[in-house]
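Report on one structure; see the data block that follows.
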């Protein structure tokens, strides 16, 4: 080995390490990659890429949903979407749902996860009860809450029986209350998924850290604040991403509870309900496809921005550790 002596004679400088050359991928490995990833790529292309391209194609036509589209309108459908006040309202409602879902579901789910991560009686039963609403179908959930929250429903009857009849209200039709009724239903249904996700993330946190903090005199909440929550950050950011995308694409609960017309007057319409109401129900499938493309573009832009500024350090850390 050759070394280079420093001019002042104070030491020896070793040459920089030589990185091993990466071997090229052989044909056998390439065939293995194609065999394993090929079916998934075909399914993704067939059920995601192709429908998006077809929706973009039909969005340039005024199409009734059957036969070959012939009435080419160019960008008229997209111009109408951007100028329609009903779409602006639906977009605003989606934005409200995104923000409120993060603000309401996040703290509730984190608090429940921290409590359920401790040893306590009936821990498994409580976890199941919290997760049960998530596995109930949206049709059952929407129908049940529509009956409970209507003017003569069980919700107002309970308030009257408790002597709180003054609080009884039209929870579904009042524009000031409808959005909060929707958020209550969303939190009730989807907080269980967040709790289970956070509990799974907590299992990867070493117990030695909490034990060391307890030895140093840290309280339970101090340990959660300075150790558990920072280490749970990647899981929280993944949940937030799923919550944002789900809120942008919200359709079923709103459509089941409020229907195609009441949702707009009650202030709970979304881009997805607008797409169905103004597209399929109006017999203008070309316009509905254009709305679907706009919804896809908005979701993709938000996903890319979130990936760039929020999830980047998590993915970079995972790639660095895997090298």
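Numbering (the UniProt record's numbering), first residue to last: 1 to 323.
Idealized CB from N, CA, C, for every residue including glycine.
Keep in mind it's a predicted model, so treat the numbers as computed, not measured.
Checking 8 Å against the spacing of the C-beta atoms, do residue i and residue j come in under that value?
i, j, result
"residue 94", "residue 247", "yes"
"residue 192", "residue 130", "yes"
"residue 249", "residue 181", "no"
"residue 242", "residue 183", "no"
"residue 267", "residue 175", "yes"
"residue 254", "residue 271", "no"
"residue 302", "residue 244", "yes"
"residue 173", "residue 294", "no"
"residue 311", "residue 195", "no"
"residue 177", "residue 171", "yes"
"residue 60", "residue 74", "yes"
"residue 32", "residue 269", "no"
Write down the C-beta distance between residue i and residue j rounded to the nearest angstrom, noting that I regard them as a contact closer than 8 Å.
i, j, result
"residue 189", "residue 274", "That belief does not hold up - the Cβ atoms of residue 189 and residue 274 are roughly 22 Å apart, past 8 Å."
"residue 78", "residue 289", "Between residue 289 and residue 78 the Cβ distance is about 11 Å, and since that is not below 8 Å, they are no contact."
"residue 240", "residue 102", "6 Å"
"residue 155", "residue 162", "That belief does not hold up - the Cβ atoms of residue 155 and residue 162 are roughly 11 Å apart, past 8 Å."
"residue 185", "residue 145", "5 Å"
"residue 202", "residue 113", "7 Å"
What would DSSP say about residue i, mapped onto helix, strand or coil?
i, result
"residue 66", "coil"
"residue 193", "helix"
"residue 72", "strand"
"residue 322", "Because the pLDDT at residue 322 is just 48, under 50, the model does not fix this residue reliably, and the value given afterwards should be weighed accordingly. Helix at residue 322."
Within the same chain, show all residues whose beta-carbon is closer than 8 Å to that of residue i, passing over the 5 residues directly before and after it, in chain order.
i, result
"residue 167", "159"
"residue 63", "69, 71, 284, 285, 286, 289"
"residue 214", "223"
"residue 123", "116"
Considering only residues of the same chain and omitting the five flanking positions on each side of residue i, which have a CB-CB separation below 6 Å?
i, result
"residue 252", "138"
"residue 56", "293"
"residue 66", "none"
"residue 306", "241"
"residue 323", "At residue 323, the pLDDT of 48 sits below 50, so the modelled position is not reliable and the matter cannot be decided from this model."
Classify residue i: buried if its beta carbon has 16 or more other beta carbons within 10 angstroms, exposed otherwise.
i, result
"residue 27", "exposed"
"residue 278", "buried"
"residue 140", "exposed"
"residue 224", "buried"
"residue 105", "buried"
"residue 81", "buried"
"residue 142", "buried"
"residue 200", "exposed"
"residue 228", "buried"
"residue 53", "exposed"
"residue 309", "exposed"
"residue 91", "buried"
"residue 44", "exposed"
"residue 220", "exposed"
"residue 50", "exposed"
Return the chain-ordered list of same chain residues with a C-beta closer than 7 Å to the C-beta of residue i, the five sequence neighbours on each side being excluded.
i, result
"residue 231", "205"
"residue 329", "Outside the displayed range of the chain (1 to 323) lies residue 329, so it cannot be described from this structure."
"residue 86", "264, 274"
"residue 209", "227"
"residue 281", "260"
"residue 120", "none"
"residue 187", "104, 105, 108"
"residue 197", "235, 239"
Please decide whether residue i counts as near chain C, where near means a Cβ-Cβ distance under 8 Å.
i, result
"residue 26", "Given the protein chain composition of this structure (a single chain), no chain C is represented."
How about residue i: is its Cβ closer than 7 Å to a heavy atom in the ligand COA?
i, result
"residue 146", "Of ligands this structure carries none, so the ligand COA is not represented either."
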